[in-house]
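The structure appears right after this line, and notes come after that.
Numbering (my numbering), first residue to last: 19 to 392.
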């Protein structure tokens, strides 16, 4: 099969520089400014896209998040009545802006006083994605601003940090990662890189890059003795760095991630011997992870244990690490009892809630990590 334009760019780079890490391949495949998957695919979520998400199920997901965010911010107002009333909601990786719209719509309708003191910041480095978000969120323009990176125009002073909530929904699983293999005879990790063969890309063993080496799992003697030769796992320095920077930016409030993910103990089990890296196209698993870069989504499970440890080292307290089901069900129950329940519970919305929370749908696949700074 003939290579597409992005594949030709990657091949030229490999022929010039030699084997590249999978992290570099994934970065180009997803984020190349002209040909990357997330740059060129206007609608990659939902029925017309390559995968379903909690946001694409219905507005209910955003409404439940908005309800919980409001509870957290109102509790903070009561705990610190003499401080400024302003809050920031910071969403990193807002995709097409649908989740932001759902959250802001609910807050405007049900918590107008809170909505009026709220700044909604979106961290978005891509100009194309930002343009789509601006179009979607036009009616909320006075409340929304964009930053190209986490710290944006801010300084390191306490007054410039976030009081509120920093959150990422299905962002960290799409950050470029390194793919490692276990060499049982030498009790050491090696890295899987990408080479060229004919008109396609192939996996090639390479020494650990410095970035991958710094994150290679430190196995216990017992686990190292039984881990099968060739066992594959992924490490993502970018996700860890993102969490560390977000924790540093948070003055008071919560840091939240919702994503496909596992704990460290769940990653090192026999049935995950090939790792968690996957490619998706038209709602189906693709057979070849390296085929047609820029035309299929690439994703791997987030190591939530690593994020939890980083946050705690940064002074955050872990409030919750659970499945999406265990996170959303209590919120839904509280919302139903309150004065601003998330809409009438029609049969359709009941089905949507089941999709969000049932273990066989999205309820178990997604994990939620909530950490806070008081």
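Positions of the beta carbon are idealized from the N, C-alpha and C atoms, including for glycine.
These numbers come from a predicted model, not from an experiment.
Element boundaries [beta strand (DSSP E), containing residue i]
i: residue 340; result: 335 to 341
i: residue 96; result: Premise fails: residue 96 lies in the alpha helix (DSSP H), 78 to 97, not in any beta strand (DSSP E).
i: residue 163; result: 162 to 165
i: residue 186; result: 180 to 187
i: residue 104; result: Counting along the chain, residue 104 falls outside any beta strand (DSSP E), and DSSP gives it neither H nor E.
i: residue 297; result: 296 to 299
Local Cβ density within 10 Å of residue i, reported as buried at 16 or more and exposed below that
i: residue 333; result: exposed
i: residue 305; result: exposed
i: residue 129; result: buried
i: residue 243; result: exposed
i: residue 363; result: exposed
i: residue 236; result: exposed
i: residue 275; result: buried
i: residue 159; result: exposed
i: residue 53; result: buried
i: residue 72; result: buried
i: residue 288; result: exposed
i: residue 97; result: exposed
i: residue 171; result: Residue placement at residue 171 is poorly supported in this model, since its pLDDT is 42, which falls under 50; the coordinates still yield a value, given next. Flag for residue 171 reads exposed.
Residue i (DSSP reduced to helix, strand or coil)
i: residue 156; result: helix
i: residue 34; result: helix
i: residue 113; result: coil
i: residue 304; result: coil
i: residue 141; result: strand
i: residue 323; result: helix
i: residue 385; result: strand
i: residue 317; result: strand
i: residue 331; result: helix
i: residue 390; result: strand
i: residue 125; result: helix
i: residue 23; result: helix
Distance between beta carbons of residue j and residue i, contact taken as under 8 Å
i: residue 55; j: residue 218; result: Not confirmed; about 18 Å, so no contact.
i: residue 14; j: residue 370; result: No information on residue 14 is available, as it lies outside the stretch 19 to 392 that the chain covers here.
i: residue 212; j: residue 38; result: 5 Å
i: residue 87; j: residue 107; result: 6 Å
Delimiting residues of the alpha helix (DSSP H) encompassing residue i
i: residue 74; result: 72 to 75
i: residue 372; result: 365 to 375
i: residue 42; result: 40 to 49
i: residue 58; result: 55 to 58
i: residue 130; result: 130 to 133
Q: At 4 residues or longer, and completely inside the segment 189 to 238: list those alpha helix (DSSP H) runs for me, N to C.
A: 228 to 233
Q: Please list the segments of the beta strand (DSSP E) lying wholly inside the segment 245 to 290, counting only runs of 3 or more residues, in order along the chain.
A: 250 to 253 and 268 to 280
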